[in-house]
Amino acid sequence: MTRASPFGSPLFLGFDHLEQMLERLSKNGGEGYPPYNIEQTGPSSLRITLAVAGFTMEDLAITVEDSQLVIRGRQAEDSQGRVFLHRGIAARQFQRTFVLAEGIEVKGAWLDNGLLHIDLERLQPESRARSVPIGSRPGGATP
Numbered sequence: 000m001t002r003a004s005p006f007g008s009p010l011f012l013g014f015d016h017l018e019q020m021l022e023r024l025s026k027n028g029g030e031g032y033p034p035y036n037i038e039q040t041g042p043s044s045l046r047i048t049l050a051v052a053g054f055t056m057e058d059l060a061i062t063v064e065d066s067q068l069v070i071r072g073r074q075a076e077d078s079q080g081r082v083f084l085h086r087g088i089a090a091r092q093f094q095r096t097f098v099l100a101e102g103i104e105v106k107g108a109w110l111d112n113g114l115l116h117i118d119l120e121r122l123q124p125e126s127r128a129r130s131v132p133i134g135s136r137p138g139g140a141t142p
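When we follow numbering that gives the first Met the number 0, the leftmost residue of the sequence shown carries the number 0, and every step to the right adds one.
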């Protein structure tokens with residue numbers, strides 16, 4: 000049985016990648032750690048803020064992979080020689096993924112008081128209108 004797709008119309012040419020991104024996004028949608036905010040900081044700029052208390056800059060990695068912003072965190076195990084009577088703060092690794100629209104660029108990131116801030120900017124698209132000349136069929140053959 001095939002699944003109905005919003006991009007199944009013959010009028011949507013070349014949008015297969017959007018359908019794939021939606022599928023990837025639905026698979027990542029259930030994870031709630033770490034919590035995050037997304038705020039608009041200007042007319043064409045955004046900021047993602049993740050709560051990453053206990054992580055250092057060396058424990059975090061930010062990459063852009065195929066139009067996805069991927070933030071990974073992995074803390075080194077530092078419990079050598081320590082005896083915990085209760086361990087409620089877990090050294091938990093995570094991966095948080097955000098799908099970026101075309102034209103969104105990562106401008107920078109910084110860690111401040113347990114919050115990882117990532118600034119994004121939407122670049123203004125150039126006008127792409129052009130004329131397409133109409134000629135005869137290549138090779139001059141008739142159908």
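Backbone N, C-alpha and C fix where the C-beta goes; we use that ideal spot for every residue, glycine too. Since this is a predicted model, take the numbers as computed values, not measurements.
Helix, strand or coil for residue i, going by three-state DSSP, please let me know.
i	result
residue 0	For residue 0, the predicted model reports a pLDDT of 47, less than 50, meaning its position is unreliable and no value from the coordinates is stated.
residue 38	strand
residue 137	helix
Expressed to the nearest angstrom, what Euclidean distance is found between the alpha-carbon atoms of residue i and residue j?
i	j	result
residue 40	residue 34	19 Å
residue 60	residue 108	10 Å
residue 31	residue 57	22 Å
residue 42	residue 52	30 Å
residue 46	residue 133	46 Å
residue 71	residue 93	6 Å
residue 0	residue 66	Any reading at residue 0 must be qualified, since the residue scores a pLDDT of 47, below 50, and its modelled position is unreliable; the value itself is stated next. Those two C-alpha atoms are separated by around 30 Å.
residue 138	residue 118	52 Å
residue 76	residue 83	13 Å
residue 81	residue 102	48 Å
residue 136	residue 129	21 Å
residue 86	residue 127	58 Å
residue 37	residue 95	13 Å
residue 116	residue 88	22 Å
Where do the N-terminal and C-terminal ends of the beta strand (DSSP E) with residue i fall, by residue?
i	result
residue 93	93 to 98
residue 72	67 to 72
residue 63	59 to 64
Considering only DSSP beta bridges, list what residue i is partnered with.
i	result
residue 105	119
residue 44	41, 120
residue 114	50, 111
Does the distance from the C-beta atom of residue i to that of residue j stay below 8 Å?
i	j	result
residue 74	residue 54	yes
residue 120	residue 106	yes
residue 68	residue 99	yes
residue 48	residue 114	yes
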